[in-house]
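Protein chains in written order, with the numbering used here: chain X, 259 to 621; chain S, 259 to 621; chain D, 259 to 621. Ideal Cβ placement from N, Cα and C applies to all residues, glycine included. Just so you know, these numbers come straight off a predicted model, no measurement behind them. Accompanying notes for the structure given below.
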Amino acid sequence: MTLPASQVEHQADSERKAGVIGNCPDPAGLLRHEPKLRLDLLERMHDTSVLSAAQFGRDVLCELMKLAAYLQLKRFPVMHALEDKIMAAAFFEPSTRTRLSFESAMLHLGGRTISVADAKTTGVAKGESLRDIGQMFNSYADVVAVRHTEQSAIDELCEYLRIPLLNGGNGSDEHPTQALADWYALLKWRPEIAYGEIPEQFRLNIGIIGTPGNMRTVKSFLMLALLFPENISHITIFSEMADPLGEEIRELTNASPIGIDFSQNLKQSLEYLDVIYMNAIAYLGDGYRFFGDAFSLDKDSKLKPDTVILHPLARGEELDTSLDNTQHNLYFNQADGAVWIRQALLLAIFGRVGDIVPAEYLA
Amino acid sequence: MTLPASQVEHQADSERKAGVIGNCPDPAGLLRHEPKLRLDLLERMHDTSVLSAAQFGRDVLCELMKLAAYLQLKRFPVMHALEDKIMAAAFFEPSTRTRLSFESAMLHLGGRTISVADAKTTGVAKGESLRDIGQMFNSYADVVAVRHTEQSAIDELCEYLRIPLLNGGNGSDEHPTQALADWYALLKWRPEIAYGEIPEQFRLNIGIIGTPGNMRTVKSFLMLALLFPENISHITIFSEMADPLGEEIRELTNASPIGIDFSQNLKQSLEYLDVIYMNAIAYLGDGYRFFGDAFSLDKDSKLKPDTVILHPLARGEELDTSLDNTQHNLYFNQADGAVWIRQALLLAIFGRVGDIVPAEYLA
Amino acid sequence: MTLPASQVEHQADSERKAGVIGNCPDPAGLLRHEPKLRLDLLERMHDTSVLSAAQFGRDVLCELMKLAAYLQLKRFPVMHALEDKIMAAAFFEPSTRTRLSFESAMLHLGGRTISVADAKTTGVAKGESLRDIGQMFNSYADVVAVRHTEQSAIDELCEYLRIPLLNGGNGSDEHPTQALADWYALLKWRPEIAYGEIPEQFRLNIGIIGTPGNMRTVKSFLMLALLFPENISHITIFSEMADPLGEEIRELTNASPIGIDFSQNLKQSLEYLDVIYMNAIAYLGDGYRFFGDAFSLDKDSKLKPDTVILHPLARGEELDTSLDNTQHNLYFNQADGAVWIRQALLLAIFGRVGDIVPAEYLA
Numbered sequence: 259m260t261l262p263a264s265q266v267e268h269q270a271d272s273e274r275k276a277g278v279i280g281n282c283p284d285p286a287g288l289l290r291h292e293p294k295l296r297l298d299l300l301e302r303m304h305d306t307s308v309l310s311a312a313q314f315g316r317d318v319l320c321e322l323m324k325l326a327a328y329l330q331l332k333r334f335p336v337m338h339a340l341e342d343k344i345m346a347a348a349f350f351e352p353s354t355r356t357r358l359s360f361e362s363a364m365l366h367l368g369g370r371t372i373s374v375a376d377a378k379t380t381g382v383a384k385g386e387s388l389r390d391i392g393q394m395f396n397s398y399a400d401v402v403a404v405r406h407t408e409q410s411a412i413d414e415l416c417e418y419l420r421i422p423l424l425n426g427g428n429g430s431d432e433h434p435t436q437a438l439a440d441w442y443a444l445l446k447w448r449p450e451i452a453y454g455e456i457p458e459q460f461r462l463n464i465g466i467i468g469t470p471g472n473m474r475t476v477k478s479f480l481m482l483a484l485l486f487p488e489n490i491s492h493i494t495i496f497s498e499m500a501d502p503l504g505e506e507i508r509e510l511t512n513a514s515p516i517g518i519d520f521s522q523n524l525k526q527s528l529e530y531l532d533v534i535y536m537n538a539i540a541y542l543g544d545g546y547r548f549f550g551d552a553f554s555l556d557k558d559s560k561l562k563p564d565t566v567i568l569h570p571l572a573r574g575e576e577l578d579t580s581l582d583n584t585q586h587n588l589y590f591n592q593a594d595g596a597v598w599i600r601q602a603l604l605l606a607i608f609g610r611v612g613d614i615v616p617a618e619y620l621a
Numbered sequence: 259m260t261l262p263a264s265q266v267e268h269q270a271d272s273e274r275k276a277g278v279i280g281n282c283p284d285p286a287g288l289l290r291h292e293p294k295l296r297l298d299l300l301e302r303m304h305d306t307s308v309l310s311a312a313q314f315g316r317d318v319l320c321e322l323m324k325l326a327a328y329l330q331l332k333r334f335p336v337m338h339a340l341e342d343k344i345m346a347a348a349f350f351e352p353s354t355r356t357r358l359s360f361e362s363a364m365l366h367l368g369g370r371t372i373s374v375a376d377a378k379t380t381g382v383a384k385g386e387s388l389r390d391i392g393q394m395f396n397s398y399a400d401v402v403a404v405r406h407t408e409q410s411a412i413d414e415l416c417e418y419l420r421i422p423l424l425n426g427g428n429g430s431d432e433h434p435t436q437a438l439a440d441w442y443a444l445l446k447w448r449p450e451i452a453y454g455e456i457p458e459q460f461r462l463n464i465g466i467i468g469t470p471g472n473m474r475t476v477k478s479f480l481m482l483a484l485l486f487p488e489n490i491s492h493i494t495i496f497s498e499m500a501d502p503l504g505e506e507i508r509e510l511t512n513a514s515p516i517g518i519d520f521s522q523n524l525k526q527s528l529e530y531l532d533v534i535y536m537n538a539i540a541y542l543g544d545g546y547r548f549f550g551d552a553f554s555l556d557k558d559s560k561l562k563p564d565t566v567i568l569h570p571l572a573r574g575e576e577l578d579t580s581l582d583n584t585q586h587n588l589y590f591n592q593a594d595g596a597v598w599i600r601q602a603l604l605l606a607i608f609g610r611v612g613d614i615v616p617a618e619y620l621a
Numbered sequence: 259m260t261l262p263a264s265q266v267e268h269q270a271d272s273e274r275k276a277g278v279i280g281n282c283p284d285p286a287g288l289l290r291h292e293p294k295l296r297l298d299l300l301e302r303m304h305d306t307s308v309l310s311a312a313q314f315g316r317d318v319l320c321e322l323m324k325l326a327a328y329l330q331l332k333r334f335p336v337m338h339a340l341e342d343k344i345m346a347a348a349f350f351e352p353s354t355r356t357r358l359s360f361e362s363a364m365l366h367l368g369g370r371t372i373s374v375a376d377a378k379t380t381g382v383a384k385g386e387s388l389r390d391i392g393q394m395f396n397s398y399a400d401v402v403a404v405r406h407t408e409q410s411a412i413d414e415l416c417e418y419l420r421i422p423l424l425n426g427g428n429g430s431d432e433h434p435t436q437a438l439a440d441w442y443a444l445l446k447w448r449p450e451i452a453y454g455e456i457p458e459q460f461r462l463n464i465g466i467i468g469t470p471g472n473m474r475t476v477k478s479f480l481m482l483a484l485l486f487p488e489n490i491s492h493i494t495i496f497s498e499m500a501d502p503l504g505e506e507i508r509e510l511t512n513a514s515p516i517g518i519d520f521s522q523n524l525k526q527s528l529e530y531l532d533v534i535y536m537n538a539i540a541y542l543g544d545g546y547r548f549f550g551d552a553f554s555l556d557k558d559s560k561l562k563p564d565t566v567i568l569h570p571l572a573r574g575e576e577l578d579t580s581l582d583n584t585q586h587n588l589y590f591n592q593a594d595g596a597v598w599i600r601q602a603l604l605l606a607i608f609g610r611v612g613d614i615v616p617a618e619y620l621a
């Protein structure tokens, strides 16, 4: 673990790569309020599955964000941190970004990966139960990242599973690690959402284009938003659906002091929105549906100058590339941060944070 | 190669993972009769392909089993054992368990993997010969694990191949490393099969549901059974086929003192069977066929209390999940052991056993 | 990084594997004229994409060849050279050889890989732009090797890409790293092409079966041939097309002193050809087309005794296996060298040559 010259070059590479397109807030902002990492909070993630965004308390979430920021800024020597660990990437629903991002995070930490990129290459295609597949992973891996078209898949996999499972998207239900990446971008952009109290007139108005009731990224994003009620004024849902929330989310939002509004007129609302969360596609039970023009954005959209746009990508026509080279573009930073927050998550799940982070950064 | 704390935690993880479901015999039983490993016997596997279960003599087989048991129990520091080696996993017939199990074994030993998970992504789809594919692997890898729908594929691949090939299933012919996993489970369960002489009245009655003549796992399993004639009383084949053995197996069984019976009535025979080997599917030349009810088992089946069931998985309806939480379930242990016996095999093939196993365990 | 015994065995393995089939020239020939490596020239590849064979000057090309020869002969301890680097293998057009060869090269150097083996498992299948895919790779990897059915794909990927891209074949356009492998074989076979001046009567006649205008391997091969005008007498193109060169190549060949001929009669020309470059398939805009008998070779073809055949493989019927065990067969050596030249390329792109090559070999 020497290679000091290379290490320097590695940092230089990253500096060069970072920040070229769109809005790239400095991760250091996340570390100003309370710079020391609290291992006791991160330890709660040890050996824990990530099934739903709802499982994150604000304190653990913030420590994960801080850990990601430290990994990104300090480039601790993580090259061998998980070298005795294997992650299975079991993507029964095809995916590129989420799978490669999980694999990249694991490999950055010295871990190894075994992958199923296509359900058609598995026994599932021959009718094998997910319960048996879960049992299989106990022997082959130390953690498993899963994507599946069915919401129920995670529960079935977990029945016999004894290693942590990371939900990488289960049907129309949840995508909690995407939500971590979303909020890692947002909290870098405005650390005061988590660490300050924003004066009433400046509290955030968040617009969500999509239906939390049946779009997994939107649902998980919204769940984490509810952790910051004192700094979020309103969340407006833009959707053509009669009931975009669904029962589970409605119960959560009813219990929150954050105001939830509904609208079908995005254009008229743009001047009020500080954050816009978009998604390309809605999964509607029997397939994916793309949004029409009504909910699309481009450089001529009447955005406030400091509004940022989040999008889990891949995008369709709803998010025009003319926005890419503007400060509204937080979506590329959001994608970039996904690798860092997933590294933080993996280190916490394997209880290796203390092995990697120098004592001076620990509380 | 320090990380002592992590190493301890790694063991704890494994203890936690092991033994939760079904029958989990202690690997230590395999090591009692003759604890020291004989490198001279393991050396015979050095640089050797594994094409057929018939190539294993009892002495080499038993040393591989002991090595697997030591790896599982002692957790020698294997993290870098094969770090200069690359395994190609060439699965022209899709598979999850076998491919991931080989890859996991290789990665556990610090080796690296390149994979073909789907023949459609290869030149084979464009008509490339397996002979040329074999030549290719000479340059790209140090060992190649192969599965193919055709029995002849292994021979074709071997024509120009100069690195060891591990047959991971060739059509209806053989699956020798599965048979190693099968017998690793059985010998952990009853080490005296290999290392003792069982009194006549307690010698094993093994039931095989399937047709050794055209089911590769069944065929390879049966071949290894023939290595223990003094401790196996009878093998009963349950099959609807007129000639379930086929010529090759019939010659082998004719030469063995073990009695071979045939039956189509599994229910009536259950009270006599100590071991039942099942398989989900029969490959019948032009495709796969599932068995019907006649040969299925569930918790109400009249099994002897200490009968164990083996199944290479994935399973169909022939093996009911109601058996999972019983001591009849040796099939999950069999799947778990596959990673350990494949690690033992890879170490032997690369001649690295002596680099990894401390001298105190060597004969 | 010790394992001295294993290292020795690794070499022995390679000796055993090398040279078994066909013509296996000694890489040492490349190192006789000017044994010391020039880091200043290799440094020009640092952080550089490989898009076209046309980008290589003769001096850099020759240093890459020498580096490959040193890697192959000296087995420097490269096992950790790129352990902090990740290569994304993004094969939107399926491929086995090129993908596995890139992956094998990266893994040999201790690097790690994330792979897309099938475009159908990616967001591209859902309509995602290659520009966005390129942006994604900035965050997930340090270098990306790409194959795509469309010529334009590379440019689109590069729009937002900030890491080096290695073109592994873009439609009918180019395959520059294949050309490096082609010439690595040829220059091992006749180092004087690069390092000497061949007397006029012995200058090479090269036959190319195929259409440089629309076959990527042929085009890239021909581009590198133009670097050695003083030692190549003629290049004869064997093709059924009216204009096999196309505009881009015609401009290049017009500017070269090497004579370019066209012929449809391979048999009649065989007695003049020193090198024959073949390819199985022509990509003709809407699909692949195989050549007929007119351009096929077998052991009865009237080749000169010392003529060598190159073929990027996979092959069809145009190259009969009866030639495999002859000295005409340089194609297996060409495939074998691909892993070494790609290792040289990766080390140069990451600026790590000086970390790996002992000072005594450096100029």
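query: Using a beta-carbon distance cut-off of less than 8 Å, what residues from the region 559-579 of chain D approach chain S?; result: 571, 572, 573, 574 and 579
query: Considering only C-alpha positions, which residue in the set X/392, X/405 and X/394 is nearest to residue 376 of chain X?; result: X/405
query: Could you tell me whether the Cβ of residue 594 of chain S comes closer than 7 Å to any Cβ of chain X?; result: yes
query: Reducing DSSP to helix, strand and coil, say where residue 437 of chain D ends up.; result: helix
query: Check each candidate in X/614, X/389, X/489 and X/470 and name the one with the smallest Cα separation from residue 503 of chain X.; result: X/470
query: Pick out the complete beta strand (DSSP E) segments inside the region 270-328 of chain S, 3 residues or longer, and give them in chain order.; result: none
query: Could you give the first and the last residue of the continuous beta strand (DSSP E) run that contains residue 519 of chain X?; result: 517-521
query: Can you say whether residue 274 of chain X is buried or exposed, counting buried as having 16 or more other CB atoms within 10 angstroms of its CB?; result: Residue confidence for residue 274 of chain X is low, a pLDDT of 44 falling below 50, so the modelled location carries little weight; the figure read from the coordinates is stated next. It counts as exposed.
query: Closest to residue 308 of chain X by C-alpha separation, out of X/603, X/619 and X/610, would be which residue?; result: X/603
query: At a CB-CB cut-off below 9 Å, which residues of chain D make contact with residue 499 of chain X?; result: Result: empty, since nearest Cβ-Cβ is about 21 Å, beyond 9 Å.
query: What separation, rounded to the nearest whole angstrom, lies between the Cα atoms of residue 599 of chain D and residue 340 of chain S?; result: 23 Å
query: Whose Cβ in chain D lies nearer than 7 Å to the Cβ of residue 597 of chain X?; result: 397 and 398
query: Give the residues of chain X in contact with residue 337 of chain S, contact being defined as C-beta atoms less than 8 Å apart.; result: 341 and 342
query: Are the CB atoms of residue 495 of chain S and residue 520 of chain S within a distance shorter than 7 Å?; result: yes
query: For residue 511 of chain X, which of X/497, X/484 and X/528 has the nearest alpha-carbon?; result: X/484
query: What residues match up with residue 555 of chain D in a beta bridge as DSSP calls it?; result: D/577
query: Determine whether the beta carbon atoms of residue 366 of chain D and residue 526 of chain D lie at a separation below 7 Å.; result: no
query: Does chain X have any CB closer than 7 Å to the CB of residue 590 of chain S?; result: yes
query: Roughly how many angstroms lie between the CA atoms of residue 392 of chain D and residue 607 of chain D, to the nearest whole one?; result: 18 Å
query: For the region 589-598 of chain X against the region 442-455 of chain X, are there 3 or more C-beta pairs whose distance is under 8 Å?; result: yes
query: Measure from the alpha carbon of residue 464 of chain D to the alpha carbon of each residue in D/296, D/529 and D/570, then state which is nearest.; result: D/529
query: Does the separation of the CB atoms of residue 468 of chain S and residue 492 of chain S fall below 7 Å?; result: no
query: For the beta strand (DSSP E) that contains residue 494 of chain S, what are its first and last residues?; result: 490-496
query: Figure out for me which residue from D/387, D/332 and D/293 has the closest Cα to the Cα of residue 620 of chain D.; result: D/293
query: Can residue 411 of chain S and residue 425 of chain S be called in contact, C-beta distance under 7 Å?; result: no
query: Which stretch, first to last residue, makes up the beta strand (DSSP E) that contains residue 463 of chain X?; result: 462-467
query: Helix, strand or coil for residue 406 of chain X? Go by DSSP, reduced to three states.; result: strand
query: So residue 576 of chain X and residue 536 of chain X are supposed to be a Cβ contact under 8 Å. How far apart are they, rounded?; result: 6 Å
query: If we count the other Cβ atoms within 10 Å of its Cβ and call it buried at 16 or more, is residue 327 of chain S buried or exposed?; result: buried
query: Output yes or no for whether 7 Å exceeds the beta carbon distance between residue 348 of chain X and residue 318 of chain X.; result: no
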